[in-house]
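The sequence shown finishes on residue 498 if you use the numbering used here, and the numbering steps up by one all the way, no holes.
From the three backbone atoms N, C-alpha and C, an ideal C-beta is built for every residue, glycine too.
This report concerns only the one structure given below.
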Amino acid sequence: MARRRDDYVAIGRLGFPILVGQLGMIVTGFFDTKMIGKYATEALASASFVNNVFNVAIFACLGFTYGLTPLVGSLYSRGEYGRIGVLLKNGVLANVLFSLIISAVMLLVYFNLEYLDQPAELHCLIRPYFLLYLGGLIPVALFNVFAQWAYGINRSSLPMWIILGSNVVNIIGNYLLIEGNFGFPELGLTGAGIATLVSRLMAFVLLGCVFLYGGRYEKYSNGFRSGKIGGKLLKMITSTSLPVSLQMTLESGSFTAAAIMAGWLGTLELASFQIIVMTGTLGFCVYYSIGSAVSVLVSNEMGIGNREAMRRVAFSGYHVLLVTATISSLIFVLGGRFIIGQFTDDEMVISMSSGLLVPLVLYQMGDATQINFANALRGTAVVKPMMWIAFISYIVIGIPATYVMGLKTSLGIDGIVYSFSVSLFTAAFLFVIYFIRATKLKEL
Numbered sequence: 055m056a057r058r059r060d061d062y063v064a065i066g067r068l069g070f071p072i073l074v075g076q077l078g079m080i081v082t083g084f085f086d087t088k089m090i091g092k093y094a095t096e097a098l099a100s101a102s103f104v105n106n107v108f109n110v111a112i113f114a115c116l117g118f119t120y121g122l123t124p125l126v127g128s129l130y131s132r133g134e135y136g137r138i139g140v141l142l143k144n145g146v147l148a149n150v151l152f153s154l155i156i157s158a159v160m161l162l163v164y165f166n167l168e169y170l171d172q173p174a175e176l177h178c179l180i181r182p183y184f185l186l187y188l189g190g191l192i193p194v195a196l197f198n199v200f201a202q203w204a205y206g207i208n209r210s211s212l213p214m215w216i217i218l219g220s221n222v223v224n225i226i227g228n229y230l231l232i233e234g235n236f237g238f239p240e241l242g243l244t245g246a247g248i249a250t251l252v253s254r255l256m257a258f259v260l261l262g263c264v265f266l267y268g269g270r271y272e273k274y275s276n277g278f279r280s281g282k283i284g285g286k287l288l289k290m291i292t293s294t295s296l297p298v299s300l301q302m303t304l305e306s307g308s309f310t311a312a313a314i315m316a317g318w319l320g321t322l323e324l325a326s327f328q329i330i331v332m333t334g335t336l337g338f339c340v341y342y343s344i345g346s347a348v349s350v351l352v353s354n355e356m357g358i359g360n361r362e363a364m365r366r367v368a369f370s371g372y373h374v375l376l377v378t379a380t381i382s383s384l385i386f387v388l389g390g391r392f393i394i395g396q397f398t399d400d401e402m403v404i405s406m407s408s409g410l411l412v413p414l415v416l417y418q419m420g421d422a423t424q425i426n427f428a429n430a431l432r433g434t435a436v437v438k439p440m441m442w443i444a445f446i447s448y449i450v451i452g453i454p455a456t457y458v459m460g461l462k463t464s465l466g467i468d469g470i471v472y473s474f475s476v477s478l479f480t481a482a483f484l485f486v487i488y489f490i491r492a493t494k495l496k497e498l
């Protein structure tokens, strides 16, 4: 019991700064959506489309950085600090190359936007916002490379403060550029895109400078400066990073497909979908923070080969997540309409979004479970099963369920959100099974 209590404390200590950083990002997303929604429903629908399309790219890049967590965590538990710096140097190169590939794919999407069959009146708003979002892809990836280093060495408060600072810059930029306050030009959705790009560049530069020039981190930065790029190390990083990236890409891809289908139903449905997704991220950011802490702590135990502790940490994290998922569900039930009202004054959008609260609540436990055990599995570095689990759950099962429930029944936009329960609970079940298998292996 004492060990379990220690796990709860460790998860809270490591996860809370991540949660605060995530909440800061969510608050910024709320302000983005609110300011854009108050400005024009067409701008809100356009932002919804671009944000959801880019979720695939963002999560692909984030997932590739997450492959560093078990590697950093294992080295940290063994006190090999210089090797962590060398690992980060190779990680930076690997992630820049990967982000360039993802950027090229997104540029191809940009030149073929008309084939995604979105409302014609939104195209002039979508295009400039799309390019600005594209410009922030590599800075996001590089920031998260150094964030995984900070998490892996149990310094999760460092990226938290930088995220909060960059979010303030984003909100101020939105205020100045969306409606043109204090003499700045009124740029609408394009202004929101500029503010987001500036904040992402700032976050990467600040965290990179702290790593390289912060005296207390010299034992890591020295390894970074003196370390060499090696094919063997790049291969190892890729082998742990690519499966996580593909898992997150497939998961976010199913949500992107849902957003595209919502656009087929109409502008109101697309705007409502964006609002309910933003509302749902309140729960997601809490689950993600706890899951990230679980991943780091599992990787620390993996570094010293303690399989029993790996399993204990994972289930301790799950206990915490069950409580937070219950609290999130109560917040959505009791305060959902108030939250929705913060994004738009359009009564039709408010009414439609409010009807989506029930399917939103239904998938919370599935989301919390799959996040916890996906991150626990990531901490073991046994990551290859994550690819096919995601493929089956989100592509083979999830997307067809979304299409049938949203477009082939009378449920419409409600059916699209109901379908998330199908894919998330499937993924949850499979991640639990494979984590248990991974912690039974004689050698990890």
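Nearest CA to the CA of Tyr274: which residue from Ile207, Val222, Val331 and Ser295?
-> The sequence position of residue 274 within the sequence shown is 220, counting from 1. If we check each option's Cα against that of Tyr274, Ile207 comes out closest.
Use the C-beta contact count for Met269: other C-beta atoms within 10 angstroms, 16 or more gives buried, fewer gives exposed.
-> Working through the sequence shown from its first residue, we reach residue 269 at position 215. The residue you asked about is not Met; residue 269 is Gly in the sequence shown. Burial call: exposed.
Quick one: give me the first and last residue of the alpha helix (DSSP H) that Ile393 is part of.
-> The residue given as residue 393 occupies position 339 in the sequence shown. Arg361 to Gly395 is the span of the alpha helix (DSSP H), which, as asked, contains Ile393.
Using 10 angstroms around the beta-carbon of Asn235, count the other beta-carbons present and answer buried if the total reaches 16, otherwise exposed.
-> Sequence index remark: in the sequence shown, residue 235 carries index 181 (1-based). Classification of Asn235: exposed, given that the 10 Å Cβ count is below 16.
Count the other CB atoms, across all protein chains shown, that sit within 10 Å of the CB of Asn224; report buried if there are 16 or more and exposed otherwise.
-> Position 170 of the sequence shown, counted from the start, is the residue given in the question as residue 224. Buried is the call here.
Burial state of Glu240 (16 or more Cβ within 10 Å) = Numbered from its first residue, the sequence shown carries residue 240 at position 186. So Glu240 counts as exposed.
Within 7 angstroms, strictly: CB atoms of Leu255 and Gly245 = As a working note, residue 255 is residue 201 in the sequence shown. As a working note, residue 245 is residue 191 in the sequence shown. No, Cβ-Cβ distance for Leu255 and Gly245 is not below 7 angstroms.
If you follow the alpha helix (DSSP H) that Phe479 is part of, which residue opens it and which one closes it?
-> Working through the sequence shown from its first residue, we reach residue 479 at position 425. Looking at the DSSP string, the run of the alpha helix (DSSP H) that includes Phe479 is Ile467 to Ala492.
Locate the alpha helix (DSSP H) running through Ala444, then write down its first and last residues.
-> Walking along the sequence shown from the start, residue 444 turns up at place 390. It spans Lys438 to Ala444 - the alpha helix (DSSP H) in which Ala444 sits, taken as one unbroken run.
If we call anything under 7 angstroms between Cβ atoms a contact, is Asn149 one with Ala114?
-> For the purposes of this step, residue 149 is taken as residue 95 along the sequence shown, with counting starting at 1. For the purposes of this step, residue 114 is taken as residue 60 along the sequence shown, with counting starting at 1. Against a cut-off of 7 angstroms, the Cβ pair of Ala114 and Asn149 comes out as no contact.
Taking buried to mean at least 16 other C-beta atoms within 10 Å of its own C-beta, is Glu401 buried or exposed?
-> As a first step, residue 401 must be located in the sequence shown, where it is residue number 347. Its Cβ having fewer than 16 others within 10 Å, Glu401 is exposed.
Range covered by the alpha helix (DSSP H) that runs through Ala94 | Residue mapping note: residue 94 aligns to position 40 of the sequence shown, counting from 1. Looking at the DSSP string, Ala94 is not in any alpha helix (DSSP H), and its letter there is neither H nor E.
Would you report the Cα separation of Ile443 and Gly420, rounded to the nearest angstrom?
-> The sequence position of residue 443 within the sequence shown is 389, counting from 1. The sequence position of residue 420 within the sequence shown is 366, counting from 1. Cα-Cα distance, rounded: 14 angstroms.
Straight-line gap, Phe103 to Ile314 (C-alpha atoms, nearest Å) | Within the sequence shown, the letter at position 49 stands for residue 103. Within the sequence shown, the letter at position 260 stands for residue 314. Cα-Cα distance, rounded: 7 angstroms.
Given Thr434, which residues of its chain have a CB within under 8 angstroms of its CB, disregarding the five upstream and five downstream residues?
-> Taking the first residue of the sequence shown as position 1, residue 434 is located at position 380. For Thr434, where only same-chain residues beyond five positions count, the Cβ hits under 8 angstroms are Pro124, Val352, Ser353, Met356, Met364, Phe489, Ala492, Thr493 and Leu498.
Keeping to the same chain, check which residues put their C-beta closer than 8 angstroms to that of Leu100; ignore five residues upstream and five downstream.
-> For the purposes of this step, residue 100 is identified with residue 46 of the sequence shown, where counting begins at 1. Position check: residue 100 holds Ser in this sequence, whereas Leu was assumed. Excluding residues within five positions, the ones whose Cβ falls inside 8 angstroms are Leu176, Leu179, Ile180, Tyr183 and Leu243.
Whole-angstrom Cβ separation of Tyr205 and Val63, contact assumed at under 8 angstroms?
-> As a working mapping, residue 205 is identified with position 151 in the sequence shown. As a working mapping, residue 63 is identified with position 9 in the sequence shown. About 17 angstroms; that fails the 8 angstroms criterion.
Check Asp421 in the structure and name its three-state DSSP category.
-> Residue 421 sits at position 367 when you count from the first residue of the sequence shown. Correct three-state label for Asp421: helix.
Three-state secondary structure (DSSP) at Asn144?
-> In the sequence shown, the residue the question calls residue 144 occupies position 90. In this structure, Asn144 counts as helix in the three-state DSSP scheme.
Between the C-alpha atoms of Asn429 and Ile467, what's the straight-line distance to the nearest angstrom?
-> Residue numbering aside, residue 429 sits at position 375 when the sequence shown is read from its first letter. Residue numbering aside, residue 467 sits at position 413 when the sequence shown is read from its first letter. About 30 angstroms.
Classify Thr463 as helix, strand or coil using the three-state DSSP reduction.
-> The sequence position of residue 463 within the sequence shown is 409, counting from 1. Note: Thr463 maps to coil in three-state DSSP.
Take the Cβ of Gly127 as the centre, count every other Cβ of all protein chains shown within 10 Å, and call the residue buried at 16 or more, exposed below.
-> Position 73 of the sequence shown, counting from 1, holds the residue named residue 127. Answer is buried; the Cβ neighbour count reaches 16.
Could you tell me the distance, in whole angstroms, from the CA atom of Trp203 to the CA atom of Tyr342?
-> Within the sequence shown, numbered from 1, the residue matching residue 203 stands at position 149. Within the sequence shown, numbered from 1, the residue matching residue 342 stands at position 288. Near 17 angstroms, if we compare the C-alpha coordinates of Tyr342 and Trp203.
Taking the Cβ atom as the reference point for each residue, do Ala316 and Leu304 lie within a distance shorter than 7 angstroms?
-> Mapped onto the sequence shown, residue 316 falls at position 262. Mapped onto the sequence shown, residue 304 falls at position 250. No; because the gap between Cβ atoms is not below 7 angstroms, this pair is not in contact.
Closest by C-alpha distance to Ser407, when choosing among Tyr187, Leu376, Ile330 and Leu296 | Here residue 407 corresponds to residue number 353 of the sequence shown, with the count starting at 1. Minimum Cα distance to Ser407 is reached at Ile330.
Taking the CB atoms as reference points, tell me whether Gly133 and Ala347 lie closer together than 7 angstroms.
-> Along the sequence shown, one-based indexing puts residue 133 at 79. Along the sequence shown, one-based indexing puts residue 347 at 293. Their beta carbons are not under 7 angstroms apart, which means Gly133 does not touch Ala347 by this criterion.
Identify which residue in Val252, Asn360 and Leu141 has its Cα closest to the Cα of Gly510.
-> Residue 510 lies beyond the range of the chain shown here (55 to 498); nothing can be said about it.
Is the beta carbon of Ala249 less than 7 angstroms from the beta carbon of Ile453?
-> Working through the sequence shown from its first residue, we reach residue 249 at position 195. Working through the sequence shown from its first residue, we reach residue 453 at position 399. Against a cut-off of 7 angstroms, the Cβ pair of Ile453 and Ala249 comes out as no contact.
Run through the segment 207–287 for me and flag every whole alpha helix (DSSP H) of 4 or more residues, listed as ranges in chain order.
-> 211–231, 243–267 and 272–280
Buried or exposed: which applies to Cys263, given that a residue is buried once 16 or more other Cβ atoms fall within 10 Å of its Cβ?
-> Indexing the sequence shown from 1 puts residue 263 at position 209. That one is exposed.
Can the beta-carbon of Ile156 be found less than 7 angstroms from the beta-carbon of Ala94?
-> Looking up residue 156 in the sequence shown gives position 102. Looking up residue 94 in the sequence shown gives position 40. For Ile156 and Ala94, no; Cβs fall outside 7 angstroms.
Please determine if the segment 469–484 and the segment 409–424 are in contact, where contact requires at least 3 C-beta pairs separated by less than 8 angstroms.
-> yes
Quick one: is Ile358 buried, meaning 16 or more other Cβ sit within 10 Å of its Cβ, or exposed?
-> As a first step, residue 358 is located in the sequence shown; it is residue number 304 there, counting from the start. Ile358 should be labelled exposed.
Take Met441 as the anchor and find which of Ile90, Val252, Leu296 and Leu191 has the nearest alpha-carbon.
-> Against the sequence shown, residue 441 aligns to sequence position 387. Of the listed residues, the one whose Cα sits closest to Met441 is Leu296.
In three-state DSSP terms, what is Asn166?
-> Taking the sequence shown and counting its residues from 1, the one referred to as residue 166 is at position 112. In the structure shown, Asn166 sits in coil (DSSP, three-state: anything other than H, G, I, E or B).
Going by beta carbon distance, what residues of the same chain come within less than 7 angstroms of Phe485, once the five residues before and after it are set aside?
-> Locating residue 485 in the sequence shown gives position 431, counting from the first residue. Gln424, Phe427, Ala428, Leu431 and Ile443.
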